[in-house]
Structures are given as structure tokens and as C-alpha cells.
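Sequential numbering from 0 applies to the sequence shown in numbering that gives the first Met the number 0.
Built from N, CA and C at the ideal position, the CB exists for glycine as well.
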Amino acid sequence: MVRRPVTGYLFRLLLCKLGPRAIRHLVWRRCLISVTRYESEELGFVVIHPLTCLNRGLIHGQVVCITVTFQTGQGSNQSSRFFRLLMSCAVQENSVHMEKMDMFNMFGRIPAANFVVDSIVPYSSLPKICQTLTSTDSVKLAPIKQYIEDEYEEKETIDLEAEMEKLLKTPRIVYNDDVISIHVRNIFTQEVSRHYFKVFCVESSCVVDTTTSVYEIANVNSYLPYAGRAELLEVPEPMVALVDQMRSICLAYEAVRDKPLVMLLSGAHGSGKRLLATRLAMETHRNIIEECSYEIWSEDFTEMETNVKKAFEKDWCITMNYERFSSTTQKKSQQLGRSARENSET
């Protein structure tokens with residue numbers, strides 16, 4: 000007669016054969032990543048629920064390697080990256096939260112969806128050949144050129160030493176060609192200005208802390224994550240399809256040509272042209288520049304061509320938005336569009 004339940008013998012057998020960690024792996028296999036739309040200072044960190052950490056045998060502050068499968072217009076892709084682990088009960092058990100800048104650095108600027116975590120492996124459990132994470136003595140930060148709406152506004156030199164020291168107070172993991180953001184709050188107006196930098200380091204992935212020397216180098220032209228905005232603008236439901244169509248046109252054009260793309264968006268006053276252009280810039284990670292068409296257009300074609308060229312030279316990776324242009328002046332709009340197209344191709 001069996002004195003103990005059969006499940007007890009089976010559990011002892013599994014415990015001997017698999018071990019506690021392998022059993023936890025059977026309990027938790029895959030989880031969806033929740034897209035984080037808000038900004039945070041926890042760059043280089045992932046936030047996971049404590050129960051998920053218990054199932055995976057992970058501890059707070061541990062360095063882990065996360066492998067994620069995601070879908071783009073070109074098909075399925077996979078990406079791996081090192082993070083430091085944080086635990087929080089505010090996160091759902093079946094999700095892993097990333098800061099939006101980390102998502103931009105990990106998955107790129109191409110729109111993606113269906114993020115599925117394939118594995119979360121502690122750094123100490125990786126094979127020796129995969130343990131490539133090292134500390135670095137110095138990194139270089141190149142400010143990304145950002146458009147200033149008021150070109151006559153005095154460009155003050157902002158000292159970011161205190162913000163940089165705060166950012167590096169906790170050891171973080173960065174990769175070469177990463178983009179990081181530093182937020183500066185005005186103590187008088189409480190407005191937050193966002194400054195974006197591109198990281199250049201010798202190692203592909205490295206750890207930076209207070210012992211790391213940081214050097215600021217010359218400005219660079221690069222894509223601006225989320226157009227430098229804190230949150231993604233909400234657009235009315237009828238405009239969502241139009242934004243998706245414009246984004247698809249931009250991506251398809253980039254795949255076959257390296258010349259700038261010119262699209263003419265027309266509509267009545269207050270129809271949402273500026274909102275559409277801003278949303279498109281955020282989804283394609285570009286600067287947005289607004290110009291007055293009356294100031295650009297001129298009877299002298301040479302002068303108008305010069306004005307358009309100056310507008311395109313303000314920045315790289317931009318979405319131009321021409322404002323206050325009458326829809327009845329068809330001849331002017333045709334000349335302006337032709338001049339913009341010719342200058343973009345040069």
C-alpha cells in the first residue's frame with residue numbers, strides 16, 4: 000500500500016532530475032514586453048515583477064541578457080541586449096518594462112510589434128565566450144542636432160555636468176552608437192528641455208559609472224528619437240490610417256533610394272495638417288521644422304531656391320511643415336514643391 004501520494008514521488012523525481020532552476024524554467028517560458036511610452040531616468044534597466052524573478056531565479060540588481068523576438072514589415076527579427084534588473088510589483092507578471100530610449104536602441108527606428116521575450120539569462124550563467132561586458136575608462140558623447148523654433152533666440156550654453164553625474168551615479172550598460180537623453184528642468188518655469196547624445200565607446204557594450212571619463216565632442220546629424228517629444232501624440236481615428244500610409248511610403252522610399260522624399264499634404268485651415276506632420280515625425284524619429292511658405296516663396300526663382308535650400312540645411316532627418324499657405328495659390332504651390340524637390344535631390 001502506498002503511504003505517500005504519487006505526486007510527491009513525481010515531484011522528488013523531477014527535483015532530482017531537473018533541479019530547482021529547470022523546474023522554474025518550465026513554469027515560466029515566454030512573456031510579452033509592454034511598450035513604455037513615458038520617460039524615465041532608469042536608462043539601461045528593465046523592470047520585472049518579483050514573482051517572475053522568482054520563477055526565473057533572478058535577483059535585484061543583477062545583470063541579465065534579454066533576447067526578444069519582434070515583428071517588422073520585413074518579417075520576424077531577434078535582438079539581444081544586456082540590462083540591469085529592477086523588481087517592482089507595479090509591473091504585471093507577464094510583462095517586462097523597458098524605458099522607451101532603451102527600446103529605440105535595442106529595436107531600432109523601424110516600427111515593430113509583437114514583442115516576445117525568448118529568454119532572460121543571468122550574466123553569470125552565460126558561456127564564457129558570451130561574457131563580453133567590460134568596464135570602460137572613457138566615453139564620448141556627441142550632441143544630436145536639434146531644431147530650435149526661434150532661430151533668433153539666444154543659444155545659451157547649458158552645463159550638463161550635474162545631470163551627467165546623476166546619470167552615471169548608478170552603474171549602467173551602454174552600447175556603441177546608443178542614443179541617450181538628458182533632461183534639464185528650469186527651476187523658474189518648471190519646463191523640461193531634452194538633450195540627446197550619441198554614445199561612442201571603444202567596446203561594443205560596456206559599463207559606465209562615476210569613474211568613467213565623459214567627453215563631449217562635435218555635433219552629429221542623426222535620427223531624433225520620437226522627435227524629441229515626451230509622449231506620442233494622439234490623433235483622431237480617421238487620421239491613424241493616413242499616418243500609417245505616410246509612414247509606409249517613407250520606409251518604402253528609403254529602401255530603394257537615398258534621396259530625400261517630398262510629400263505635399265494639403266487641407267483646409269484647422270484640418271490637422273500640423274498634427275499629422277508631428278505624429279509622422281515622432282513615428283519616424285525625425286526633427287520637425289515649420290516654415291512659412293510666404294517667406295520662402297518669391298517671384299525670383301533663384302531667391303526662392305535659396306530660401307528652400309536654407310530650410311533643408313537646418314537639420315538632417317527632418318519633416319518639413321509649410322504653414323500659412325493659401326490653397327488657392329496653385330501656381331505658387333507648384334513652384335514651391337518643384338523647388339523643394341530639386342533642392343532635396345541635390
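Item checked: Cα-Cα separation, Ile143 to Ile181 -> Counting from one through the sequence shown, the residue named residue 143 turns up at place 144. Counting from one through the sequence shown, the residue named residue 181 turns up at place 182. Roughly 12 Å between the two C-alpha positions.
Item checked: Contact under 8 Å by Cβ, Leu167 with Val198 -> Locating residue 167 in the sequence shown gives position 168, where the first residue counts as 1. Locating residue 198 in the sequence shown gives position 199, where the first residue counts as 1. No, the pair does not count as a contact, with Cβ atoms beyond the cut-off.
Note to self: Just to check my reading of the structure: Ile109 and Leu260 have Cβ atoms closer than 8 Å, yes? What is that Cβ distance to the nearest angstrom?
What the structure shows: Reading the sequence shown from its first residue, position 110 is the one you call residue 109. Reading the sequence shown from its first residue, position 261 is the one you call residue 260. At roughly 16 Å, the Cβ-Cβ gap does not stay under 8 Å, so Ile109 and Leu260 are not in contact.
Item checked: N- and C-terminal bounds of the beta strand (DSSP E) containing Leu140 -> The residue labelled residue 140 in the question sits at position 141 within the sequence shown. Start and end: 137-142.
Notebook entry, point to check: According to DSSP, which residues form a beta bridge with Ala112?
Noted result: If you number the sequence shown from 1, residue 112 lands on position 113. BP columns for Ala112 point to Gln70.
Margin query: Taking the alpha-carbon of Ile179 as reference, which of Ile58, Met303, Ala111, Tyr225 has the nearest alpha-carbon?
Written below: Looking up residue 179 in the sequence shown gives position 180. Comparing Cα positions, the closest option is Tyr225.
Margin query: Are the CB atoms of Leu42 and Gly60 within a distance shorter than 8 Å?
Written below: Taking the first residue of the sequence shown as position 1, residue 60 is located at position 61. Taking the first residue of the sequence shown as position 1, residue 42 is located at position 43. No.
Next item on the list: Go to Met238, then tell me how far its beta strand (DSSP E) extends in each direction, as first and last residue.
Entry: To locate residue 238, count along the sequence shown from 1; it is residue 239. First-last for Met238: 236-255, but that is the alpha helix (DSSP H), not the beta strand (DSSP E).
Notebook entry, point to check: What span of residues does the beta strand (DSSP E) with His273 cover, start to end?
Noted result: The residue you call residue 273 lines up with position 274 of the sequence shown. It is Arg, not His, that sits at residue 273 in the sequence shown. It is not in any beta strand (DSSP E) - Arg273 instead sits in the alpha helix (DSSP H) that spans 272-282.
Next item on the list: Could you tell me which residues DSSP puts in a beta bridge with Arg193?
Entry: By 1-based counting over the sequence shown, the position of residue 193 is 194. Beta-bridge pairing links Arg193 to His182.
Margin query: Give me the residue from Gly72, Phe81, Lys165, Phe196 with the minimum Cα distance to Asp176.
Written below: Within the sequence shown, residue 176 is the residue found at index 177, counting from 1. Nearest option by C-alpha distance: Phe196.
Margin query: Between which residues of its own chain and Ala310 is the CB-CB distance below 7 Å, once the five residues before and five after are set aside?
Written below: To locate residue 310, count along the sequence shown from 1; it is residue 311. Excluding positions up to five away in sequence, the list reads Ile288, Glu290, Ile295, Met319.
Check: Can you tell me whether DSSP reads Val213 as helix, strand or coil?
Finding: Taking the sequence shown and counting its residues from 1, one reaches residue 213 at position 214. It is a strand residue.
Notebook entry, point to check: For the beta strand (DSSP E) that Phe44 lies in, which residues bound it at each end?
Noted result: Position 45 of the sequence shown, counted from the start, is the residue given in the question as residue 44. Element bounds for Phe44: 44-47.
Notebook entry, point to check: Would the segment 48-68 and the segment 76-91 be scored as touching if the rule is three or more Cβ pairs under 8 Å?
Noted result: yes
Checklist line | Integer-rounded CB distance, given that Leu125 should sit under 8 Å from Asn205 | finding: The sequence position of residue 205 within the sequence shown is 206, counting from 1. The sequence position of residue 125 within the sequence shown is 126, counting from 1. According to the sequence displayed, residue 205 carries Cys and not Asn. Actually they do not touch by this definition, with Cβ atoms about 16 Å apart.
Checklist line | Per-residue DSSP class, three states only, for Glu160 | finding: In the sequence shown, the residue the question calls residue 160 occupies position 161. Residue state, collapsed to three classes: helix.
Margin query: Using only the alpha-carbon positions, how far apart do Tyr146 and Ser94 sit?
Written below: What you label residue 146 is simply residue 147 of the sequence shown in a count that begins at 1. What you label residue 94 is simply residue 95 of the sequence shown in a count that begins at 1. Approximately 36 Å, taken between the alpha carbons.
Next item on the list: Return helix, strand or coil for Met97, following the three-state DSSP convention.
Entry: Your numbering for residue 97 matches position 98 in the sequence shown. Correct three-state label for Met97: strand.
Note to self: At the level of alpha carbons, what is the spacing between Val307 and Glu298?
What the structure shows: Numbered from 1 along the sequence shown, position 308 holds the residue referred to as residue 307. Numbered from 1 along the sequence shown, position 299 holds the residue referred to as residue 298. Their backbone Cα atoms lie some 14 Å apart in a straight line.
Notebook entry, point to check: In three-state terms, what does DSSP make of Thr305?
Noted result: As a first step, residue 305 is located in the sequence shown; it is residue number 306 there, counting from the start. Three-state DSSP puts Thr305 in a helix.
Check: Can you pull the DSSP bridge partners for Leu84?
Finding: Indexing the sequence shown from 1 puts residue 84 at position 85. DSSP, once it has assigned bridges, lists Val45 as partnering Leu84.
Notebook entry, point to check: Quick one, which of Gly227, Val234, Cys200 has its alpha-carbon nearest Glu215's?
Noted result: Mapped onto the sequence shown, residue 215 falls at position 216. Among Gly227, Val234, Cys200, the Cα nearest to that of Glu215 belongs to Cys200.
Next item on the list: Buried or exposed for Leu263, please, with buried defined as at least 16 other CB atoms from any protein chain shown within 10 angstroms of its CB.
Entry: Counted from its first residue, the sequence shown places residue 263 at position 264. By the 10 Å Cβ count, Leu263 comes out exposed.
Note to self: Less than 8 Å between the beta carbons of Val115 and Val67, yes or no?
What the structure shows: As a position in the sequence shown, residue 115 is number 116, starting the count at 1. As a position in the sequence shown, residue 67 is number 68, starting the count at 1. It is a contact, given that the beta carbons lie within the stated cut-off.
Next item on the list: Could you check what DSSP says for Phe187 in three-state terms: helix, strand or coil?
Entry: Residue numbering aside, residue 187 sits at position 188 when the sequence shown is read from its first letter. Coil, per DSSP.
Check: Hey, quick one: how far does the beta strand (DSSP E) through Glu290 stretch, first residue to last?
Finding: Taking the first residue of the sequence shown as 1, we reach residue 290 at position 291. Counting along the chain, the beta strand (DSSP E) containing Glu290 begins and ends at 286-291.
Check: What does a CB cutoff of less than 6 Å around Met245 pick up in its chain, not counting 5 residues either side in sequence?
Finding: Stepping through the sequence shown from its first residue, residue 245 is reached at position 246. So the qualifying residues of the chain are Leu279.
Notebook entry, point to check: Helix or strand or just coil, what does DSSP make of Ile172?
Noted result: For the purposes of this step, residue 172 is taken as residue 173 along the sequence shown, with counting starting at 1. Under the three-state reduction of DSSP output, Ile172 falls in the strand class.
Next item on the list: Label Thr188 either buried or exposed according to how many other C-beta atoms from any shown protein chain fall within 10 Å of its C-beta, with 16 as the threshold for buried.
Entry: Along the sequence shown, read from residue 1 onward, the residue named residue 188 stands at position 189. By the 10 Å Cβ count, Thr188 comes out exposed.
Checklist line | Check whether Met163 and Val234 have beta carbons under 8 Å apart | finding: Position 164 of the sequence shown, counted from the first residue, corresponds to residue 163. Position 235 of the sequence shown, counted from the first residue, corresponds to residue 234. Contact: no.
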